[in-house]
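For reference, the structure is listed below as structure tokens.
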Amino acid sequence: MALTKEEVLKIAKLSKLSFEEKEIEKFQIELNDILKYIDMLNEVDTSEVKPLVYINEAVNNFREKKKSHH
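Here it is, written out as structure tokens:
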């Protein structure tokens, strides 16, 4: 699925951005590259992967509050 120039213009308008003609072509290419990458990720079989709740299992180790001597 590739974005057309018109779709890029619509995205720009919805984002309240304005671009020169050269920039529109550049963003069209870049957005299409991003969509290709997302399509590749969607093809990866993740059926055996457990859902991720936390990136790591580290626990917050806050230091104890010290009593102030005021």
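Residue 64 is where the sequence shown starts when you use the numbering used here, and the numbers rise one by one after that. Backbone N, C-alpha and C fix where the C-beta goes; we use that ideal spot for every residue, glycine too.
Exercise for the section: Could you please give the first and the last residue of the uninterrupted alpha helix (DSSP H) stretch that includes Leu80? Expected result: Taking the first residue of the sequence shown as position 1, residue 80 is located at position 17. Unbroken run through Leu80: none, as it is neither H nor E.
Exercise for the section: Using three-state DSSP, classify Leu66 as helix, strand or coil. Expected result: By one-based count along the sequence shown, residue 66 stands at place 3. Under the three-state reduction of DSSP output, Leu66 falls in the coil class, being neither helix nor strand.
Handout entry: Nearest-angstrom Cα separation, counted from Ile118 out to Glu86
Key = Looking up residue 86 in the sequence shown gives position 23. Looking up residue 118 in the sequence shown gives position 55. Going by the C-alpha atoms only, they are around 36 Å apart.
Handout entry: CB-CB length for Asn105 against Ala65, believed under 8 Å
Key = Translated into positions along the sequence shown, residue 105 becomes position 42. Translated into positions along the sequence shown, residue 65 becomes position 2. Their Cβ separation, rounded to whole angstroms, is 15 Å, which puts Asn105 and Ala65 out of contact at 8 Å.
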